[in-house]
Amino acid sequence: MAGYTNAEYVDMLKVLGACNDSARAAECLYRETFPNRHRHPDHKTIQNVETRVVETGCIAPKCFLYAGRPRSLTWRNSYCRMLGKILPPVHVCCQE
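What follows is the structure, given as structure tokens:
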């Protein structure tokens, strides 16, 4: 199953704050506040979102932020390597 949207994560945190940081109460209030959403988080999900925001400052889980194949080189490194093969080395000489 796919993760929640950023808006849903924010709503979880708002409801948690309204419930004075009680995740079980937030679970119930979330269901009452958003009855038309096709899924509702349990208290552990709400606790995990709060913990993730406190520890990392990010709402979305890492698996969604860093999805895909990891990059082996940055654009800048590969560009500099390419220029090094094309251009001869430059020596700067300052004479007065």
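Counting with the UniProt record's numbering, you get residues 1 to 96 for the letters of the sequence shown.
Using N, Cα and C, we set each Cβ at its ideal position, and we do this for glycine too.
From a predicted model like this one, the values you see are computed outputs, not experimental measurements.
Who are the Cβ neighbours of residue i in its own chain at under 8 Å, not counting the five residues just before and after it?
{"i": "Glu27", "result": "His40, Pro41, Asp42, His43, Ile46"}
{"i": "Thr61", "result": "For the sequence presented, residue 61 should be read as Pro rather than Thr. Excluding residues within five positions, the ones whose Cβ falls inside 8 Å are Gly3, Arg52."}
{"i": "Thr33", "result": "Asp11, Val15"}
Beta-carbon separation of residue i and residue j under 8 Å?
{"i": "Tyr9", "j": "Val49", "result": "yes"}
{"i": "Ile59", "j": "Asn6", "result": "yes"}
{"i": "Leu13", "j": "Ala23", "result": "no"}
Leaving out the 5 sequence neighbours to the left and right, which residues in its chain are closer than 7 Å to residue i when beta-carbon positions are compared?
{"i": "Ala18", "result": "Leu29"}
{"i": "Gly57", "result": "none"}
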